[in-house]
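Scroll down for the structure; my scribbles are underneath it.
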């Protein structure tokens, strides 16, 4: 799982994945910008329009800020602990359940995963069957 920090017990039924930063004391997802030393913050909170965010589309608001204006840049990857094993996790759009994945054939068979690709096995589980943990790694714009 790399050298990232793990945060245990994420609350709320939402998996965070991608690049995040702290701006004005709040955490935002961000994407890299074409502008040098700048990033584009992403929010789903309409109230952020009071803080200079502009409406993009479908409850998405964005704001361009300089890298010097934010605390740190980091990448988050979600994992789920299921029956004592750790799996990469994603949110299953259709059901809202947690989707676990593995390429380990023996583990997949033991845990009752279905083969979904040549080398990939997955299993849909309820949120209360797993403990979500997050791997946090420093992110660089280089």
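In the working numbering, the protein residues as written are -8 to 133. Glycine included, every Cβ here is placed at the ideal spot set by N, Cα and C. On a predicted model such as this, the values are computed, not experimentally measured, just so you know.
Taking the alpha carbon of residue 111 as the point to measure from, which residue in 62, 96, 43, 61 has its own alpha carbon closest?
Looking at the Cα atoms, 96 is the closest of the given residues.
**Asked** Nearest to residue 101 by CA position, among 113, 108, 38, is which residue?
**Response** Residue 101 has its Cα closest to that of 113, out of 113, 108, 38.
**Report entry** As assigned by DSSP and simplified to three states, the class of residue 85
**Finding:** Residue 85 falls in the coil class under three-state DSSP.
Spatial neighbours of residue 115 within its chain, please: C-beta separation below 7 Å, excluding the five flanking residues on both sides. Closer than 7 Å at the Cβ level, and outside the excluded window around residue 115, lie 83, 86, 88, 90.
- prompt: Counting pairs of Cβ atoms below 8 Å between the region 14 to 27 and the region 42 to 57, do you hit three or more?
  reply: Judged by Cβ distances under 8 Å, the region 14 to 27 makes contact with the region 42 to 57, as three or more pairs qualify.
Tell me whether the region 118 to 128 and the region 103 to 110 touch, counting them as touching only if at least three CB pairs, one residue from each stretch, are closer than 8 Å. As far as the Cβ criterion goes, the region 118 to 128 does not touch the region 103 to 110, which means the pair count is below three.
### Query
Terminal residues of the continuous beta strand (DSSP E) containing residue 5?
In the DSSP assignment, residue 5 falls outside any beta strand (DSSP E), carrying neither H nor E.
- Item | According to DSSP, residues forming a beta bridge with residue 120 | In DSSP, residue 120 forms no bridge with anything.
### Query
Going by other Cβ atoms of all chains shown within 10 Å of its Cβ, with 16 needed for buried, is residue 34 buried or exposed?
Residue environment analysis places residue 34 among the buried positions, since at least 16 neighbouring C-beta atoms fall within 10 angstroms of its C-beta.
From 26, 18, 41, 7, residue whose alpha carbon lies closest to that of residue 133 | Nearest option by C-alpha distance: 26.
Counting along the chain, where does the alpha helix (DSSP H) carrying residue 97 start and finish? Residue 97 -> alpha helix (DSSP H) spans 96 to 102.
Cα-Cα separation between residue 61 and residue 129, rounded to whole angstroms
Answer to the nearest angstrom: the Cα atoms are 13 Å apart.
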